[in-house]
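Residue numbers (my numbering), protein chains in the order written: chain A, 1 to 935; chain B, 1001 to 1068.
Note that CB positions come from ideal geometry on N, CA and C, so glycine has one too.
Please read the structure below before turning to the comments.
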């Protein structure tokens, strides 16, 4: 008697293709596959059940990343009591069903189908780039095809023209079997709907947009189609050039805060391609154009791999050994300490580096430098998230995992553009929106989500830049005044006194949509409709980005969102929450790792005697109890002549920070600037020591993504610099008199776990076993915490905060009548140091200024003209693009190219609580010019 | 005539006074915020500015400095 094979998701080898997606039904059914009983969730296809039972059925049009399609007719089966030979991919299992997957009749049918496919396919297997990695080839073998009776003289598609327009993959239509896997991947996985089947019958062909080349189509180059293609029709150019990979290493992407897991596929030490990992907790097998394709910068000729020093920033760089560079840097810093005191030096950690690399930098600053002058690039992006969520919920992190969005009924996207900046999460979100969730967008721009194929925002509150708090106060006013507060949740979970104070405040007439309409530019009726939709949807989820934080009231806005979530009971379960979409791969991690000048690892204040004593004991050094300086304070202090030395890990503050003239003046005033980076970036112009950094392909450690997921970063290749970044930091620390003798990155994580309650259970061993975990991970949550604040808030009761709207000082005037706001584009990343050194420049070779037609016309500017953009901080020039994505009175640009100098014009206004710069509001004027560059 | 960094310090302090959530006990909130996030050197310098050029500093900030 056969044992029943139970369906156990945890036991499945997810690297295998089960043909159709998994089902989540609670009811289970048992079927017999070739006599073997298998129990699976109701709705599971016969194909999937058979694969679970180990009886893989031949298939071509089926793959488990997309819904069954039933077109190739190769997966036919016989079912007892049923006529015919149904396709197993589209046939759901029924209890008691008895299936045969291999019979003489099925063999004959499958062989016939394969004959037809092969009769219209080039017989060039030996020279085909997919040789050895081709499902058509595999299936021909699986069905035992030995000859094709139809010859090759008939009508065929073998003369199809190859589309080479995309820089990363080719589209060879002669090899296409029209299985539609690419079309379905584009629709179902990516949600772009750029591909279709053009023509009918024998003339049916895959078509990007309206039979355009890929590069000119709506394709976003996520590569889902390439991954889904069972033949060499859609093939990575790197595979064509280098051949099929021979080894694999699992690692984590180093672009945005989604933190996609990848399988790096290599030949020797050379990366052939990056394939998104189906088991990746953040991305579940999907990726974007940056993660999948734009990794070439790691091998770019601009990489600096040898340490360099120079006496002054006017002198030429001298290549030196690691030992000489470390000695030079240590001597300089020790001399500054001796002459000007320990507070004359400091460090900046990087959100691009691993947790372990960040940890050792902040430890070096606190223990070897002897100061708390350590800050991180999160200062200029999500520091208000840390402040606002800690005040209200008790910890500085988003509340949900990404998968939670699949359970949201109303999704509020505020100041974020997920399709460009967090594209893999955007695909998840769009899937839920296509299923019917309501979308509320609060943004000055008409971002893609507002209207794109099969997704549109029911509510777009197109506010004026700088009025976020006013709009959210108005939303909450409606909820409070129309009886939409979740009283039970508030009574059970929140601090009563703070709620009462907030309720009294938010119900004030001055917070009504009508009162604020003139300030925000949003019609009161629209605000009321959006508020009602959010409060009554069931599960309301808030997702936000830098359009929330990079304002003078960034922290206030974060607290306003937390208030809204608590007031509507949208915290502590699937489908809800307050979710920051973090900009860089390890923003969450760099903040977690004690990079802020007032906090140790795990967000514990340096003035806490118990915590400080614990660190002092483990680190063997007395630690300071006063906060150190933030980045802007360090820069100010440098200009005033008191701050003399700065260690900068993987951040280009001369390009990324606001008011670059001030940054340049501060860096120039210092006696020693140490830059640790991949490239000689803009900041390196002011450096005295350059320590070469490692790319993510060379790192060993962990990144923590926006959902608090700690992912392993594994070395795919040996370090091109000869050592790890953490080793370089430890060497400098030792040279300054404080040894940090770690043997491995794993050992650093062990120390982090020892010192940090929320990381207490984390180790490389655990991550290797589980794939990833979301902190808190400790005795109470040994496998991590996907959703926070389930039964109680980290701080106990949720704390409401009143959030009066305070207009920014940065307002449009007669001299500067337009409001500039900034953002990111899909193909480029931040200051472009990585993506500008890849073929992604084909999509965005320069930053452009988007301007409304009316504003352009009033200034005599046409599409493509050069303009000068002037603010009270400075001037720069770029070309304009007339756009109806922005309202009149607002202009928009990106900051991916240093030549654009976008941050020359941004001001030093900042968030009141955290000094996060107000990048999103700069009053400017533009005028047409003929010259592309300033004289 | 204040230097740039001093003007920035004053602007930060005044902005904190305008930004703290509650309008009750603003000085107490400002004082707490500064103790949490400012270095002793910054507090000392602001106190000196408060003495030398008191008009540039909001009343709540003066009260916060007095409470430190």
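- [ ] Classify residue 468 of chain A as helix, strand or coil using the three-state DSSP reduction.
- [x] The count along the first chain starts at 1 and reaches residue 468 of chain A at position 468. Note: residue 468 of chain A maps to helix in three-state DSSP.
Open item on the list: Considering just the uninterrupted stretch of the beta strand (DSSP E) at residue 459 of chain A, what are its terminal residues?
Closed with: Residue mapping note: residue 459 of chain A aligns to position 459 of the first chain, counting from 1. Where residue 459 of chain A is concerned, the enclosing beta strand (DSSP E) stretches over 459-461.
Open item on the list: Taking only three categories from DSSP, how would you classify residue 41 of chain A?
Closed with: Here residue 41 of chain A corresponds to residue number 41 of the first chain, with the count starting at 1. Reduced to three states, the DSSP call for residue 41 of chain A is strand.
- [ ] Kindly provide the ranges of any beta strand (DSSP E) runs that are 3 or more residues long and lie completely inside the segment 54-101 of chain A, ordered along the chain.
- [x] With a minimum length of 3 residues, the continuous beta strand (DSSP E) runs that stay inside the segment 54-101 of chain A are 98-100.
- [ ] Give the residues from the segment 657-669 of chain A that approach chain B closer than 7 Å (Cβ to any Cβ), ordered along the chain.
- [x] none
TODO: Quick one: list the residues of chain A neighbouring residue 1003 of chain B, beta-carbon separation under 7 Å, in chain order.
DONE: On the second chain, position 3 is the one that residue 1003 of chain B refers to. Per Cβ cutoff of 7 Å: 640.
Task: Min CB distance residue 1057 of chain B to chain A below 7 Å - done: By one-based count along the second chain, residue 1057 of chain B stands at place 57. Chain A contact via Cβ: absent.
Task: Distance CB(residue 281 of chain A)-CB(residue 427 of chain A) smaller than 7 Å - done: In the first chain, counting from the first residue as 1, residue 281 of chain A sits at position 281. In the first chain, counting from the first residue as 1, residue 427 of chain A sits at position 427. One thing to note: residue 281 of chain A has its Cβ no nearer than 7 Å to the Cβ of residue 427 of chain A.
Task: Integer Cβ distance of residue 547 of chain A from residue 416 of chain A, believed to fall under 8 Å - done: As a first step, residue 547 of chain A must be located in the first chain, where it is residue number 547. As a first step, residue 416 of chain A must be located in the first chain, where it is residue number 416. Contact holds; Cβ gap of about 6 Å.
Open item on the list: Taking the beta carbon of residue 18 of chain A as the centre, do at least 16 other beta carbons fall within 10 Å, making it buried, or is it exposed?
Closed with: Mapped onto the first chain, residue 18 of chain A falls at position 18. Buried, since its Cβ has 16 or more Cβ neighbours within 10 Å.
Task: Positions along the segment 612-636 of chain A whose CB lies within less than 9 Å of some CB in chain B - done: 626, 627, 628, 629, 630, 632, 633, 635, 636
Open item on the list: Across the segment 303-313 of chain A and the segment 676-688 of chain A, are there enough close Cβ pairs to call them in contact, namely three or more that are closer than 8 Å?
Closed with: The way I'd put it, the segment 303-313 of chain A does touch the segment 676-688 of chain A; three or more beta-carbon pairs between them come closer than 8 Å.
Open item on the list: If we require 4 or more residues per run, which alpha helix (DSSP H) segments fall completely within the segment 746-817 of chain A?
Closed with: Entirely contained in the segment 746-817 of chain A, the alpha helix (DSSP H) runs reaching 4 residues are, in chain order, 764-770.
Open item on the list: I need the boundaries of the beta strand (DSSP E) containing residue 347 of chain A, first residue and last residue.
Closed with: In the first chain, residue 347 of chain A corresponds to position 347, counting from 1. Start and end: 345-349.
TODO: Output yes or no for whether 7 Å exceeds the beta carbon distance between residue 520 of chain A and residue 540 of chain A.
DONE: One-based indexing of the first chain puts residue 520 of chain A at position 520. One-based indexing of the first chain puts residue 540 of chain A at position 540. Going by C-beta atoms, residue 520 of chain A is not nearer than 7 Å to residue 540 of chain A.
- [ ] Could you check which residue in A/711, A/712, A/696 has the C-alpha nearest to that of residue 718 of chain A?
- [x] Here residue 718 of chain A refers to the residue found at position 718 of the first chain. Measuring from the Cα of residue 718 of chain A, the nearest candidate turns out to be A/696.
Task: Sequence-distant residues of its chain with Cβ nearer than 6 Å to residue 603 of chain A (five each side left out) - done: For this step, residue 603 of chain A is matched to residue 603 along the first chain. Cβ neighbours of residue 603 of chain A beyond the five flanking positions: 396.
Task: Residues, ordered as in the chain, of the segment 549-572 of chain A that lie near chain B by beta-carbon distance below 8 Å - done: 552, 553, 555, 556, 559
Task: From A/873, A/288, A/890, residue whose alpha carbon lies closest to that of residue 423 of chain A - done: Position 423 of the first chain, counted from the first residue, corresponds to residue 423 of chain A. Closest option to residue 423 of chain A, Cα to Cα, is A/288.
Open item on the list: Once the 5 residues before and after residue 285 of chain A are set aside, which same chain residues still bring their CB inside 7 Å of it?
Closed with: Start at 1 with the first residue of the first chain, and residue 285 of chain A comes out as number 285. Close CB contacts of residue 285 of chain A within its chain, under the 7 Å cut and outside five residues either way in sequence, are with 65, 276, 277, 278 (chain order).
Task: residue 565 of chain A versus residue 322 of chain A: straight-line alpha-carbon distance, rounded - done: Numbered from 1 along the first chain, position 565 holds the residue referred to as residue 565 of chain A. Numbered from 1 along the first chain, position 322 holds the residue referred to as residue 322 of chain A. If you take the alpha carbons of residue 565 of chain A and residue 322 of chain A, they lie about 51 Å apart.
- [ ] Give me the Cα-Cα distance between residue 347 of chain A and residue 646 of chain A, rounded to the nearest whole angstrom.
- [x] As a first step, residue 347 of chain A must be located in the first chain, where it is residue number 347. As a first step, residue 646 of chain A must be located in the first chain, where it is residue number 646. Looking at the two C-alpha atoms, the distance is approximately 5 Å.
Open item on the list: Determine whether the beta carbon atoms of residue 627 of chain A and residue 909 of chain A lie at a separation below 7 Å.
Closed with: Mapped onto the first chain, residue 627 of chain A falls at position 627. Mapped onto the first chain, residue 909 of chain A falls at position 909. Against a cut-off of 7 Å, the Cβ pair of residue 909 of chain A and residue 627 of chain A comes out as no contact.
Task: Pairwise C-alpha distance: residue 433 of chain A and residue 230 of chain A - done: Taking the first residue of the first chain as 1, we reach residue 230 of chain A at position 230. Taking the first residue of the first chain as 1, we reach residue 433 of chain A at position 433. About 29 Å.
- [ ] Compare the Cα-Cα distances from residue 1066 of chain B to each of B/1036, B/1039, B/1030 and report the closest residue.
- [x] Counting from one through the second chain, the residue named residue 1066 of chain B turns up at place 66. Taking the Cα of residue 1066 of chain B as reference, the smallest distance to any Cα among B/1036, B/1039, B/1030 is reached at B/1030.
Task: Inter-residue Cα distance where the pair is residue 182 of chain A and residue 318 of chain A - done: For the purposes of this step, residue 182 of chain A is identified with residue 182 of the first chain, where counting begins at 1. For the purposes of this step, residue 318 of chain A is identified with residue 318 of the first chain, where counting begins at 1. For residue 182 of chain A and residue 318 of chain A, the distance between alpha carbons rounds to 51 Å.
- [ ] Less than 8 Å between the CB atoms is what I'm expecting for residue 666 of chain A and residue 812 of chain A, so what's the real figure, rounded?
- [x] If you number the first chain from 1, residue 666 of chain A lands on position 666. If you number the first chain from 1, residue 812 of chain A lands on position 812. The pair is not a contact, with the Cβ atoms about 29 Å apart (cut-off 8 Å).
Task: 7 Å Cβ cut-off: residues of chain A touching residue 1060 of chain B - done: For the purposes of this step, residue 1060 of chain B is identified with residue 60 of the second chain, where counting begins at 1. The contacting residues do not exist; residue 1060 of chain B stays about 13 Å from chain A at best.
Task: Within chain B, partners of residue 343 of chain A - CB distance below 8 Å - done: Here residue 343 of chain A corresponds to residue number 343 of the first chain, with the count starting at 1. Per Cβ cutoff of 8 Å: 1039, 1041.
TODO: Can you give me the Cβ contacts of residue 834 of chain A inside the same chain, cut-off strictly under 6 Å, excluding the 5 residues immediately before and after it?
DONE: Against the first chain, residue 834 of chain A aligns to sequence position 834. So the qualifying residues of the chain are 297.
Open item on the list: On the criterion of 16 or more Cβ atoms from any shown chain inside 10 Å, does residue 1044 of chain B qualify as buried, or is it exposed?
Closed with: Along the second chain, read from residue 1 onward, the residue named residue 1044 of chain B stands at position 44. Residue 1044 of chain B is exposed by the Cβ-count criterion.
Open item on the list: DSSP three-state label for residue 706 of chain A, please.
Closed with: Locating residue 706 of chain A in the first chain gives position 706, counting from the first residue. Coil, per DSSP.
Open item on the list: List, from N- to C-terminal side, the beta strand (DSSP E) runs of 3 residues or more that fit wholly inside the segment 290-367 of chain A.
Closed with: 345-349
- [ ] For residue 942 of chain A, name the three-state secondary structure that DSSP assigns.
- [x] The first residue shown for chain A is 1 and the last is 935, placing residue 942 of chain A beyond what the model contains.
Task: the segment 443-451 of chain A touching the segment 496-512 of chain A, judged by at least three CB pairs closer than 8 Å - done: no
Task: Complete beta strand (DSSP E) runs within the segment 387-414 of chain A (minimum length 3 residues, chain order) - done: Listed in chain order, the beta strand (DSSP E) elements of length 3 or more contained wholly in the segment 387-414 of chain A are 410-414.
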